[in-house]
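K.L.:
Numbered according to the UniProt record's numbering, the sequence shown spans residues 1 to 66.
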Amino acid sequence: WKYLGWEISQSTVKPQKIVCRPVIQSLNDVQKLVGDLNWVRTICGITNEDLAPIVKLLKGDSDISS
1 WKYLGWEISQ
11 STVKPQKIVC
21 RPVIQSLNDV
31 QKLVGDLNWV
41 RTICGITNED
51 LAPIVKLLKG
61 DSDISS
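#1: Looking at the structure shown, is Lys32 part of a helix, part of a strand, or coil, going by DSSP?
#2: Could you tell me the alpha carbon to alpha carbon distance between Lys59 and Gln10, rounded to whole angstroms?
#3: Measure the C-alpha to C-alpha separation of Val40 and Leu27 and round it to an integer number of angstroms.
#4: On the DSSP letters alone, give me the boundaries of the alpha helix (DSSP H) that Val55 sits inside.
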């Protein structure tokens, strides 16, 4: 069965498959990406410092090219 992003069976517990969004065009796309990365960061060993450049995009104008 599945629970909070994990697939749980009698013998294993593993994360569900991640759907990667290849195109980032808006602030909402960045928000979704950061949310996905926050969900998998403990599994993948992603640190706050690794996320800092992406999180920085969340500050400011809604146009990510600004």
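The beta carbon of each residue, even a glycine, is placed where N, CA and C say it ideally should be. Just so we're clear, the structure is a prediction, and the values are computed from it rather than from any experiment.
P.N.:
Inspection of the coordinates gives the following:
#1: helix
#2: 44 Å
#3: 20 Å
#4: Asn48 to Lys56
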